[in-house]
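Accompanying notes for the structure given below.
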Amino acid sequence: MAGALRDFFRKRRSLVEPVGTEFRSAVNHLEDFVLRGGKRVRPTFAWAGWLGAGGHVDAPGTHNVLAACASLELIQACALIHDDIIDNSRTRRGFPTLHVEFARQHRDKGWGGDPEAFGEAAGILIGDLALAWADDMFHGSEIGTDARQRALPVWAAMRTEVLGGQLLDIVVEASGDGSHGSALKINRFKTAAYTVERPLHLGAAIAGADDALISAFRTFGADIGIAFQLRDDLLGVFGDPATTGKPSGDDLRAGKRTALLAYALESADASRPGAAATLRSAVGTDLSEADVDSLRSLIISLGAVARVEKQIADLTDRALTALHASSASSGTKDALHAMALAVTRRTY
Numbered sequence: 032m033a034g035a036l037r038d039f040f041r042k043r044r045s046l047v048e049p050v051g052t053e054f055r056s057a058v059n060h061l062e063d064f065v066l067r068g069g070k071r072v073r074p075t076f077a078w079a080g081w082l083g084a085g086g087h088v089d090a091p092g093t094h095n096v097l098a099a100c101a102s103l104e105l106i107q108a109c110a111l112i113h114d115d116i117i118d119n120s121r122t123r124r125g126f127p128t129l130h131v132e133f134a135r136q137h138r139d140k141g142w143g144g145d146p147e148a149f150g151e152a153a154g155i156l157i158g159d160l161a162l163a164w165a166d167d168m169f170h171g172s173e174i175g176t177d178a179r180q181r182a183l184p185v186w187a188a189m190r191t192e193v194l195g196g197q198l199l200d201i202v203v204e205a206s207g208d209g210s211h212g213s214a215l216k217i218n219r220f221k222t223a224a225y226t227v228e229r230p231l232h233l234g235a236a237i238a239g240a241d242d243a244l245i246s247a248f249r250t251f252g253a254d255i256g257i258a259f260q261l262r263d264d265l266l267g268v269f270g271d272p273a274t275t276g277k278p279s280g281d282d283l284r285a286g287k288r289t290a291l292l293a294y295a296l297e298s299a300d301a302s303r304p305g306a307a308a309t310l311r312s313a314v315g316t317d318l319s320e321a322d323v324d325s326l327r328s329l330i331i332s333l334g335a336v337a338r339v340e341k342q343i344a345d346l347t348d349r350a351l352t353a354l355h356a357s358s359a360s361s362g363t364k365d366a367l368h369a370m371a372l373a374v375t376r377r378t379y
């Protein structure tokens, strides 16, 4: 995947160079961001979908399919860059977020205006560029006319769903909707659809999979995708910064309306109104480490962590049942089984 992405960035240089030094520098930051880290979850699931539906690594045109799958990493880059601006996150994968880096450059060069506003504006534009280039990379992958026509509706749905899920996320956060139903809907469209379900669907469509296999992949993908986000919700509160690359407790400071928080509030509203008031007044504020530790203990005591862990286990079991009953190749079933456990059992 990394090789296909490097090749794509290399081919873009002839378009970037005439625009000038500042644009070239910004694009270099995007390239570094894409290539230096990340789990490549989405391209890997797309590749697995293609293999599981009959694709072969030694078939002609395999490198074209690999490029189509790798283009998903550019959608991910767009989502992360914009998400970091929305959440005002300062670090990503152990490095300054792109909008923070652009703000630093503004200050260092003594430019006029507000460095933070400049950083956010530059980050938005580079995130937009990543999304545009995802389209360029996918459409330029030369996977063949028939495969492209099968994959296009999936590609379109995936992009729409992730942006709709992102908007729903900020609406729920702004409105203070702490319901479990809203949290799961965000998980379904902001994360599950474009992290596992649609990438698998995309790869299977490129290979020409039948409806039954696509249905099985989508069932597996939706359940594992939601479980993946639930695990991420736990990491957002309890994660080790050395593992996550982000400050611990960031989701509490950002006021993220996660399923974890919804379960905690549901339990507190039923039996501990004082705890519910504490949670509602604290999340979304500038919490100290001591405040975060106190909220962690409260969330655990309300049974929310245990409930999320059970839901992750139930979703994973249901997904694996659908996978193993499908017509996917045995090697792909084994690989997807392992991947499902890897993304849902990440430690704090």
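If you want the numbering used here, it's the 1-based position in the sequence shown plus 31. Don't be surprised by glycine CBs; every beta carbon is placed ideally from N, CA and C.
{"query": "Would you tell me roughly how many angstroms separate the C-alpha atoms of residue 291 and residue 200, rounded to the nearest one?", "result": "15 Å"}
{"query": "Using DSSP with H/G/I as helix, E/B as strand and the rest coil, what is residue 128?", "result": "coil"}
{"query": "With the cut-off set at 8 Å, would you say residue 219 and residue 188 are in Cβ contact?", "result": "no"}
{"query": "Taking all protein chains shown into account, do 16 or more other C-beta atoms lie within 10 angstroms of the C-beta of residue 135, making it buried, or fewer, making it exposed?", "result": "exposed"}
{"query": "Cα-Cα, which of 127, 55, 148 and 105 is closest to residue 162?", "result": "105"}
{"query": "Identify every run of the alpha helix (DSSP H) within the segment 192-231, keeping only runs that are complete inside it and at least 4 residues long; order them along the chain.", "result": "211-217"}
{"query": "Can you tell me which of the three DSSP states residue 377 falls into?", "result": "coil"}
{"query": "Determine the contact status of residue 84 and residue 239, defining contact as a CB-CB distance below 8 Å.", "result": "yes"}
{"query": "So residue 349 and residue 254 are in contact, right, with Cβ under 8 Å, and what is the actual spacing, rounded?", "result": "5 Å"}
{"query": "Name the one or two DSSP bridge partners that residue 122 has.", "result": "127"}
{"query": "Quick one: which unbroken alpha helix (DSSP H) runs of 4-plus residues sit fully inside the segment 236-288? Chain order, please.", "result": "242-269, 272-275 and 281-285"}
{"query": "Hey, residue 333 and residue 257 are a contact pair by Cβ (cut 8 Å); roughly how many whole angstroms apart?", "result": "Not confirmed; about 21 Å, so no contact."}
{"query": "For residue 62, count neighbouring C-beta atoms within 10 Å of its own C-beta (all shown protein chains included) and say buried if the count is 16 or more, exposed if not.", "result": "buried"}
{"query": "Do you know whose CA, among 191, 71 and 40, lies nearest residue 167's CA?", "result": "40"}
{"query": "Quick one: give me the first and last residue of the alpha helix (DSSP H) that residue 52 is part of.", "result": "52-66"}
{"query": "Thinking residue 36 and residue 65 are a contact (beta carbons under 8 Å), I'd like their distance in whole angstroms, please.", "result": "6 Å"}
{"query": "Starting from the Cα of residue 268, find the closest Cα among 280, 261, 260 and 318 and give me that residue.", "result": "280"}
{"query": "Can you give me the C-alpha to C-alpha distance between residue 208 and residue 49, rounded to a whole angstrom?", "result": "47 Å"}
{"query": "With a threshold of 7 Å on Cβ separation, who are the neighbours of residue 71 within its own chain once the five nearest residues in sequence on each side are excluded?", "result": "32 and 104"}
{"query": "Take residue 146 and list the residues in its own chain whose beta-carbon comes closer than 7 Å to its own, dropping the five residues that flank it on each side.", "result": "134, 137 and 138"}
{"query": "Between the segment 120-129 and the segment 76-91, are three or more C-beta pairs nearer than 8 Å?", "result": "no"}
{"query": "If you drop the 5 nearest sequence neighbours on each side, which residues of the same chain put their C-beta closer than 8 Å to that of residue 60?", "result": "129, 132, 133 and 157"}
{"query": "Note down, in chain order, each residue of its chain lying with its Cβ closer than 8 Å to the Cβ of residue 92, except the 5 sequence neighbours on either side.", "result": "173, 174 and 175"}
{"query": "Start and end of the alpha helix (DSSP H) containing residue 157?", "result": "146-170"}
{"query": "Is it right to say residue 154 is buried, meaning 16 or more other beta carbons lie within 10 angstroms of its own, or is it exposed?", "result": "buried"}
{"query": "Alpha carbon to alpha carbon, how far is residue 55 from residue 342? Give it in angstroms, no decimals.", "result": "46 Å"}
{"query": "Between the C-alpha atoms of residue 376 and residue 142, what's the straight-line distance to the nearest angstrom?", "result": "46 Å"}
{"query": "Report yes if the CB atom of residue 233 is closer than 8 Å to the CB atom of residue 178, and no otherwise.", "result": "no"}
{"query": "Is the Cβ-Cβ distance between residue 110 and residue 203 less than 8 Å?", "result": "no"}
{"query": "Going by C-alpha to C-alpha distance, which of 288, 227 and 326 sits closest to residue 107?", "result": "227"}
{"query": "Beta-carbon within less than 8 Å of residue 222's beta-carbon, same chain only, minus the 5 sequence neighbours each way: which residues are those?", "result": "196, 256, 257, 259, 260 and 263"}
{"query": "For residue 339, which of helix, strand or coil comes out of DSSP?", "result": "helix"}
{"query": "Going by DSSP, what residue range makes up the alpha helix (DSSP H) through residue 81?", "result": "72-83"}
{"query": "Between residue 247 and residue 356, how many whole angstroms is the CB-CB distance? I'm expecting something under 8 Å.", "result": "7 Å"}
{"query": "In whole angstroms, give me the CA-to-CA distance for residue 308 and residue 335.", "result": "16 Å"}
{"query": "Taking residue 305 as part of the alpha helix (DSSP H), name the residues at either end of that continuous run.", "result": "304-313"}
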